[in-house]
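Trainee:
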Amino acid sequence: MTVSGLPPFQRFLDANRDAVWRLLVSSVGPDEAEDCFQETFIAALRAYPNLRGDSNMRAWVLTIAHRKATDHHRARARRALPVDPETLATSAAGAVGALAPRDEGLWQAVHGLPLRQRSAIILRYVGDLPHRDIAAAIGCSEEAARRSLHEGLSNLRKAVPA
Amino acid sequence: MSGTPRASAKIEAGLRRGAAGAGAADTERQAARAAQRLGERIAAEDLADVSYTSVDSPLGRLLIAATSRGLVRVAFAEEDPDAVLERLALALSPRIVETAAPLEPVRRELEEYFAGRRRRFEISLDWTLIGGFRRRVLRATSEIPFGGVLSYGEIAAEAGSPRGSRAAGNALGANPIPIVIPCHRVLRSGGALGGYGGGLERKRLLLELEGAR
Numbered sequence: 001m002t003v004s005g006l007p008p009f010q011r012f013l014d015a016n017r018d019a020v021w022r023l024l025v026s027s028v029g030p031d032e033a034e035d036c037f038q039e040t041f042i043a044a045l046r047a048y049p050n051l052r053g054d055s056n057m058r059a060w061v062l063t064i065a066h067r068k069a070t071d072h073h074r075a076r077a078r079r080a081l082p083v084d085p086e087t088l089a090t091s092a093a094g095a096v097g098a099l100a101p102r103d104e105g106l107w108q109a110v111h112g113l114p115l116r117q118r119s120a121i122i123l124r125y126v127g128d129l130p131h132r133d134i135a136a137a138i139g140c141s142e143e144a145a146r147r148s149l150h151e152g153l154s155n156l157r158k159a160v161p162a
Numbered sequence: 163m164s165g166t167p168r169a170s171a172k173i174e175a176g177l178r179r180g181a182a183g184a185g186a187a188d189t190e191r192q193a194a195r196a197a198q199r200l201g202e203r204i205a206a207e208d209l210a211d212v213s214y215t216s217v218d219s220p221l222g223r224l225l226i227a228a229t230s231r232g233l234v235r236v237a238f239a240e241e242d243p244d245a246v247l248e249r250l251a252l253a254l255s256p257r258i259v260e261t262a263a264p265l266e267p268v269r270r271e272l273e274e275y276f277a278g279r280r281r282r283f284e285i286s287l288d289w290t291l292i293g294g295f296r297r298r299v300l301r302a303t304s305e306i307p308f309g310g311v312l313s314y315g316e317i318a319a320e321a322g323s324p325r326g327s328r329a330a331g332n333a334l335g336a337n338p339i340p341i342v343i344p345c346h347r348v349l350r351s352g353g354a355l356g357g358y359g360g361g362l363e364r365k366r367l368l369l370e371l372e373g374a375r
């Protein structure tokens, strides 16, 4: 079959834009989310015709978004050496003006986590992805993804006052 | 295990809310705005294979779609836009994006046409979707001038098939670019309206607009 059966890209974009936006705001903050959002969907648009019609498109595009967010973190870390987790946390989470006060501390703690734990946490809870897709997005085994998630949660419990 | 189940539940609930602002409505509005700007960038960098938008007209809302070659589809409001776009995805490419900028010349010429200020479309057309006999019929049809009419038999003869008036009627009925390829200018030999893909009321309106009836 040469027929791809893919929906028009616009429909794919409409169906996934909120999920991608949420994931990006949670991982890089609202100011930087715009650029990452564009990069994510432009990369998706380029690769789109090669996608199989029966793929899990949501997991696919959230994986791309996660990669763009990670690239973004690395680029920022290179620009602003030495990396100060405090700065990272405030520039990402602190810029969330409308964030409910009850969550502010939590997101600062998330942004203070080691990269892999933070990725696992955001992909799991904001992206609502299963362990298998988290592992694929991070590029690790499913077991390692589970472990990062567990360690991340455990660190958050320590960092966030109950 | 560290922490209490209750602390975990609270943290997990906070994580699920995400850091995207006060509520779901904010997220949706921000995402919609970001998607809008994305569409503009896709248009500016020419990254889509098919662009589409919708425009208002005296014949109702029209969905118009174009490739880099030109206008490829005009659909009336009765046609399900999802189905129209799905067929374009299959026939051309799934890289289909809603963005108005590339279609601005089409919108402008249609507006001028409906306002009586344009008698001839100058926008280029993409004939990819139109093959074989249908292409010969519609090419001949596109030569009929504003205000003019031909019969089904005459257009069949123009297309090189003098006895093919019924087949010509079918080809006209499947015109993917109505209005711009003026299949409304083809009538029965006695002058009766015949058929029209967009309904006879629209055909009548177009002919009146052109002063042909």
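Chains as they are written, first to last, in our numbering: chain A, 1 to 162; chain B, 163 to 375.
Every residue, glycine too, gets a C-beta built ideally from N, C-alpha and C.
Remember, it's a predicted structure, so these values are computed and weren't measured experimentally.
Report all residues from its chain with a CB closer than 6 angstroms to the CB of Val311 of chain B; omit the five preceding and five following residues, and keep chain order.
Mentor: On the second sequence, residue 311 of chain B is found 149 positions in, with the first residue counted as 1. Counting only Cβ-Cβ distances below 6 angstroms, and skipping sequence neighbours, we find Arg347, Leu349 and Ala374.
Trainee: Tell me, please, whether the CB atom of Gln198 of chain B is closer than 8 angstroms to any CB atom in chain A?
Mentor: Locating residue 198 of chain B in the second sequence gives position 36, where the first residue counts as 1. No, Gln198 of chain B lies away from the interface with chain A (no Cβ there is under 8 angstroms from its Cβ).
Trainee: Within the 8 angstroms Cβ cut-off, does Val25 of chain A reach chain B?
Mentor: Indexing the first sequence from 1 puts residue 25 of chain A at position 25. Chain B contact via Cβ: present.
Trainee: Using the Cα positions of Pro264 of chain B and Gln108 of chain A, report the straight-line distance between them to the nearest angstrom.
Mentor: Working through the second sequence from its first residue, we reach residue 264 of chain B at position 102. Working through the first sequence from its first residue, we reach residue 108 of chain A at position 108. Cα-Cα distance, rounded: 43 angstroms.
Trainee: Do Leu62 of chain A and Leu106 of chain A have their C-beta atoms closer together than 8 angstroms?
Mentor: In the first sequence, the residue the question calls residue 62 of chain A occupies position 62. In the first sequence, the residue the question calls residue 106 of chain A occupies position 106. No, the pair does not count as a contact, with Cβ atoms beyond the cut-off.
Trainee: At what residues does the alpha helix (DSSP H) containing Thr70 of chain A begin and finish?
Mentor: What you label residue 70 of chain A is simply residue 70 of the first sequence in a count that begins at 1. Looking at the DSSP string, the run of the alpha helix (DSSP H) that includes Thr70 of chain A is Met57 to Arg79.
Trainee: For the ligand ATP, is there any heavy atom lying closer than 7 angstroms to the beta carbon of Glu271 of chain B?
Mentor: Inclusion of the ligand ATP in the displayed structure is not the case, the ligand content being empty and no account of it being possible.
Trainee: Out of curiosity, what's the CA-to-CA distance linking Ala239 of chain B and Arg74 of chain A?
Mentor: The count along the second sequence starts at 1 and reaches residue 239 of chain B at position 77. The count along the first sequence starts at 1 and reaches residue 74 of chain A at position 74. Going by the C-alpha atoms only, they are around 48 angstroms apart.
Trainee: Check whether chain A comes within 8 angstroms of Glu248 of chain B, counting only Cβ atoms and requiring the distance to be less than that.
Mentor: Here the question's residue 248 of chain B lines up with position 86 in the second sequence. For Glu248 of chain B, the answer is yes, since a Cβ of chain A falls inside 8 angstroms of its Cβ.
Trainee: With distances taken between CB atoms, is the gap from Thr251 of chain B to Pro7 of chain A smaller than 8 angstroms?
Mentor: For the purposes of this step, residue 251 of chain B is taken as residue 89 along the second sequence, with counting starting at 1. For the purposes of this step, residue 7 of chain A is taken as residue 7 along the first sequence, with counting starting at 1. Note that residue 251 of chain B corresponds to Ala in the displayed sequence, not to Thr. Cβ atoms of Ala251 of chain B and Pro7 of chain A: closer than 8 angstroms.
Trainee: Going by beta carbon distance, what residues of the same chain come within less than 6 angstroms of Phe276 of chain B, once the five residues before and after it are set aside?
Mentor: By one-based count along the second sequence, residue 276 of chain B stands at place 114. Once the five neighbours on either side are set aside, the close Cβ partners of Phe276 of chain B are Ser219 and Pro220.
Trainee: Go ahead and label Ala92 of chain A buried or exposed: buried means 16 or more other beta carbons lie within 10 angstroms of its beta carbon, across all protein chains shown.
Mentor: Indexing the first sequence from 1 puts residue 92 of chain A at position 92. For Ala92 of chain A, the predicted structure reports a pLDDT of 49, less than 50, and the residue's modelled location is therefore unreliable. The matter cannot be settled from this model.
Trainee: According to DSSP, Val268 of chain B sits in a beta bridge with which residue or residues?
Mentor: Against the second sequence, residue 268 of chain B aligns to sequence position 106. BP columns for Val268 of chain B are empty, so no partner.
Trainee: Kindly indicate which three-state DSSP category Arg257 of chain B falls into: helix, strand or coil?
Mentor: Here the question's residue 257 of chain B lines up with position 95 in the second sequence. Note: Arg257 of chain B maps to coil in three-state DSSP.
Trainee: Of all Cβ atoms in chain B, is any one closer than 8 angstroms to the Cβ of Leu156 of chain A?
Mentor: As a first step, residue 156 of chain A is located in the first sequence; it is residue number 156 there, counting from the start. Yes, its Cβ sits closer than 8 angstroms to a Cβ of chain B.
Trainee: So if DSSP puts Arg280 of chain B in a beta bridge, which residue, or which two residues, is it bridged to?
Mentor: Position 118 of the second sequence, counted from the first residue, corresponds to residue 280 of chain B. In DSSP, Arg280 of chain B forms no bridge with anything.
Trainee: With 8 angstroms as the C-beta to C-beta threshold (strictly closer), list the residues of the stretch 30 to 61 of chain A near chain B in chain order.
Mentor: Listed in sequence order: Pro30, Ala33, Glu34, Phe37, Gln38, Phe41, Ile42, Leu45, Arg46, Tyr48 and Pro49.
Trainee: How many angstroms separate the CA atom of Ser55 of chain A from the CA atom of Ile258 of chain B?
Mentor: For the purposes of this step, residue 55 of chain A is taken as residue 55 along the first sequence, with counting starting at 1. For the purposes of this step, residue 258 of chain B is taken as residue 96 along the second sequence, with counting starting at 1. One C-alpha to the other measures close to 18 angstroms.
Trainee: Examine the Cβ distances between the stretch 286 to 297 of chain B and the stretch 224 to 232 of chain B and report whether three or more of them are shorter than 8 angstroms.
Mentor: Taking 8 angstroms as the limit for Cβ pairs, the verdict is that the stretch 224 to 232 of chain B does touch the stretch 286 to 297 of chain B.
Trainee: Measure the Cβ-Cβ separation of Ile204 of chain B and Thr261 of chain B and say whether it is below 8 angstroms.
Mentor: Here residue 204 of chain B is taken as the residue at index 42 of the second sequence, counted from 1. Here residue 261 of chain B is taken as the residue at index 99 of the second sequence, counted from 1. The answer is yes: Cβ separation under 8 angstroms.
Trainee: In the DSSP assignment, find the alpha helix (DSSP H) that holds Ala206 of chain B and state where it starts and stops.
Mentor: For the purposes of this step, residue 206 of chain B is taken as residue 44 along the second sequence, with counting starting at 1. Segment Ala186 to Ala206, the alpha helix (DSSP H) holding Ala206 of chain B.
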